[in-house]
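First the structure, in the form of structure tokens, and then the observations on it.
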Amino acid sequence: MSTIAIFGSYVLSRKDGAQDVLRDHWVLVEGKKIAAVTRDRPRADEVYDRPGRFVLPGLLNLHNHCFSEAVARSHSEDGTGRKNNQSIVYTVLLPLTKRGADILSAEERMAVARLGILQLLKGGATTVMEPFRNSIPEMFDAAEEMGIRFYGAPYLFSTSDAKAGPDGVVQYSGDDGTADMATWDALYQRWNNRGDGRISLAMSPHATDTCGPDLLKACAARARELGVPITTHMAQSRAEVETIGKRYGGRTPAQYLDWLGLLAPDLMAAHCMFSTDDDLKLMAARGMTVLNCPRVFARAGVTAAFSRFAEHGVRTVVGTDGYNMDLLGELNAASLISKITSQRADVANSPELIEANTAVAADVIKRPDLGRIEPGATADLTVVDLTHPHLQPLFDPRRALIALANRANIDQVMVDGRVLVDGGRYLGADEAAITAAGSAAIGKIWDLPEAQAAFNG
Ligand SMILES: [Zn+2]
3 MSTIAIFGSY
13 VLSRKDGAQD
23 VLRDHWVLVE
33 GKKIAAVTRD
43 RPRADEVYDR
53 PGRFVLPGLL
63 NLHNHCFSEA
73 VARSHSEDGT
83 GRKNNQSIVY
93 TVLLPLTKRG
103 ADILSAEERM
113 AVARLGILQL
123 LKGGATTVME
133 PFRNSIPEMF
143 DAAEEMGIRF
153 YGAPYLFSTS
163 DAKAGPDGVV
173 QYSGDDGTAD
183 MATWDALYQR
193 WNNRGDGRIS
203 LAMSPHATDT
213 CGPDLLKACA
223 ARARELGVPI
233 TTHMAQSRAE
243 VETIGKRYGG
253 RTPAQYLDWL
263 GLLAPDLMAA
273 HCMFSTDDDL
283 KLMAARGMTV
293 LNCPRVFARA
303 GVTAAFSRFA
313 EHGVRTVVGT
323 DGYNMDLLGE
333 LNAASLISKI
343 TSQRADVANS
353 PELIEANTAV
363 AADVIKRPDL
373 GRIEPGATAD
383 LTVVDLTHPH
393 LQPLFDPRRA
403 LIALANRANI
413 DQVMVDGRVL
423 VDGGRYLGAD
433 EAAITAAGSA
443 AIGKIWDLPE
453 AQAAFNG
């Protein structure tokens with residue numbers, strides 16, 4: 003079995019179930035596993051002996067959208083495309099990604115998928131959960147090809163073409179999600195456990211206002227039969243809260259999912275920032291997880307504070323959603339937005355945020371072998387270069403990581419014992435070629451008349 007030794011001026015290890023920052027240690031990898039964490043330099047086939055590195059467990063990003071991020075990039079800031087400062091999910095993102103997936107060839111969709119995975123890897127993520135339109139199955143091909151650990155979450159909708167009217171209410175077109183369930187099943191058969199086990203599926207009913215009770219119950223039943231996690235969007239806009247209240251007897255989105263049996267430890271719900279305090283108490287009691295993505299909402303002037311969920315006892319991890327896809331930047335935003343919202347400097351501290359996106363996130367997807375550096379754990383690692391001038395001199399590496407570092411400081415990314423990124427560069431293919439091909443494909447979507455109208459209108 004081949005061995006790799008990586009030196010860390012700091013290694014984020016564990017002791018008695020808690021983080022333990024070691025100075026000047028080595029992480030020894032044998033095959034796909036972490037074999038040892040040692041003070042002395044171990045013998046190994048490959049040795050990375052670079053000073054000033056912070057060796058972390060591989061970071062998990064459990065909510066990301068490669069395709070819509072690229073579609074909206076630099077088009078959606080400063081209020082562009084927003085009517086009355088409302089969410090652009092139903093007016094811009096969903097219609098454009100649907101049209102985009104339809105007009106692009108399989109190779110062009112693959113180019114967009116590769117561009118997304120490249121960004122994620124270079125940003126230090128080793129595991130990603132990605133909800134996406136089921137007409138973009140190339141997400142799986144790109145993930146397998148590029149070596150990332152990937153939970154693909156092809157959407158299920160109760161309506162095939164979700165669109166919101168000027169009032170923000172989503173219109174249904176009458177179908178029932180049966181076709182989406184059949185597509186999900188086919189993708190599960192084809193992809194689950196591929197790539198040496200790195201590729202998995204999650205059940206992904208899109209949101210509370212695009213999925214009716216029958217579909218949500220069917221999703222939960224199928225997911226629990228297969229033992230796969232469930233992910234959705236919940237309480238992500240005021241319009242969604244109003245829609246659910248009108249349709250279902252005054253229920254909040256959290257009460258709606260609880261009524262249908264989905265509010266449970268296997269549920270990861272993105273956003274939830276229009277959940278009430280009573281909702282948060284219910285969510286904490288049910289043991290579900292909030293996927294907190296503060297930057298995509300900060301873009302629109304809305305605060306989604308990690309600390310609000312955490313203080314209510316709700317298990318919370320940070321994801322990047324369809325904006326920027328820079329996990330270190332997102333953790334920084336989670337810290338700052340929590341401090342601003344609570345007007346306290348001590349909330350959402352660095353160890354807490356690092357824990358959220360390592361050990362806690364790994365537990366959420368029932369993978370206690372991930373998110374930890376300890377003997378026997380799976381060898382997924384994120385190595386940060388702390389020698390940059392903005393990171394020296396250094397007193398506390400965890401604070402430096404959350405408060406000062408960014409994705410350009412990612413030095414190495416290892417998944418399943420394979421070095422995918424080294425010296426900040428992706429080793430598997432030509433980065434410039436991936437970027438050019440992905441950009442060209444996205445350009446075709448930007449050229450669509452409806453895209454021009456959406457972004458400029
Ligand atoms: Zn999302």
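Counting with the working numbering, you get residues 3 to 459 for the letters of the sequence shown. The C-beta atom is built at its ideal place from N, Cα and C for all residues, glycine as well. Quick caveat, the model's predicted, so the values are computed rather than measured.
For Ile-412, the enclosing beta strand (DSSP E) has its first and last residue at 412 to 417. Annotation: Leu-269 to Pro-353 spans about 24 Å, alpha carbon to alpha carbon. Just measuring C-alpha positions, the residue of Arg-240, Gly-197, Asp-104, Ala-302 sitting nearest Thr-210 is Arg-240. Excluding the 5 residues flanking it on each side, Arg-253 has same chain C-beta neighbours closer than 7 Å at Ile-246, Gly-247, Trp-261, in chain order. Proximity of the segment 276 to 292 to the segment 113 to 123 falls short of the contact definition, fewer than three beta-carbon pairs being nearer than 8 Å.
In this structure, His-65 has its beta carbon less than 7 Å from a heavy atom of ligand 1. For Lys-341, the uninterrupted alpha helix (DSSP H) segment begins and ends at 329 to 344. The beta carbon of Cys-213 is closer than 8 Å to those of Leu-158, Phe-159, Ser-160, Gly-179, Pro-207, Cys-221, Thr-234 in its chain, skipping five residues each way along the sequence.
A distance below 7 Å between beta-carbons, with the five flanking residues on each side excluded, links Arg-420 to the following residues of its chain, in chain order: Gly-149. Taking 8 Å as the cut-off, the Cβ atoms of Glu-146 and Ala-443 do not count as close. Sequence-distant partners of Leu-259 (beyond 5 residues in either direction) whose C-beta falls short of 6 Å from its own C-beta, in its chain, are Leu-265. Contact between Val-73 and Thr-99 holds, since their C-beta atoms are separated by about 6 Å, short of 8 Å.
Looking at Leu-95, Arg-224, Val-130, Val-230, the one whose alpha-carbon comes closest to that of Lys-165 is Leu-95.
Arg-192 counts as exposed, since fewer than 16 other beta carbons sit within 10 angstroms of its beta carbon.
For Thr-129, the enclosing beta strand (DSSP E) stretches over residues 127 to 134.
The C-alpha of Val-298 is placed about 9 Å away from the C-alpha of Val-304. Look at the segment 286 to 335 and you find these whole runs of beta strand (DSSP E), each 3 residues long or longer: 291 to 294, 317 to 320.
By alpha-carbon distance to Asn-411, the top candidate from Tyr-428, His-390, Ser-76, Asn-326 is His-390. Residue pairing by DSSP puts Arg-420 in a beta bridge opposite Val-417.
In the DSSP assignment, Leu-355 falls outside any beta strand (DSSP E) and lies within the alpha helix (DSSP H) extending over 352 to 357. In the assembly as shown, Glu-71 is a buried residue. Its beta-carbon has 16 or more other beta-carbons within 10 Å. Arg-288 and Asp-281 have their C-alpha atoms roughly 11 Å apart. DSSP places Asn-408 outside any beta strand (DSSP E), giving it a letter other than H or E. For Glu-32, the enclosing beta strand (DSSP E) has its first and last residue at 20 to 32. Around the beta-carbon of Arg-346, fewer than 16 other beta-carbon atoms lie within 10 Å, marking it exposed.
At the C-beta level, Leu-24 and Thr-5 stay beyond 8 Å of one another. Closest by C-alpha distance to Thr-343, out of Ala-364, Phe-134, Glu-313, Ser-15, is Glu-313.
Note on geometry: alpha-carbon atoms of Ala-405 and Thr-291 lie some 24 Å from one another. Shown here, Lys-283 sits in a helix according to DSSP, grouped into three states.
In this structure, the straight-line span from the alpha carbon of Arg-374 to that of Ala-361 is close to 6 Å. Boundaries around Gly-102 are those of the alpha helix (DSSP H), 96 to 105, since no beta strand (DSSP E) includes it. Put simply, of Ala-306, Leu-338, Pro-377 the residue whose alpha carbon is nearest the alpha carbon of Val-39 is Pro-377. Here the C-alpha atom of Ala-456 lies approximately 44 Å from the C-alpha atom of Thr-380.
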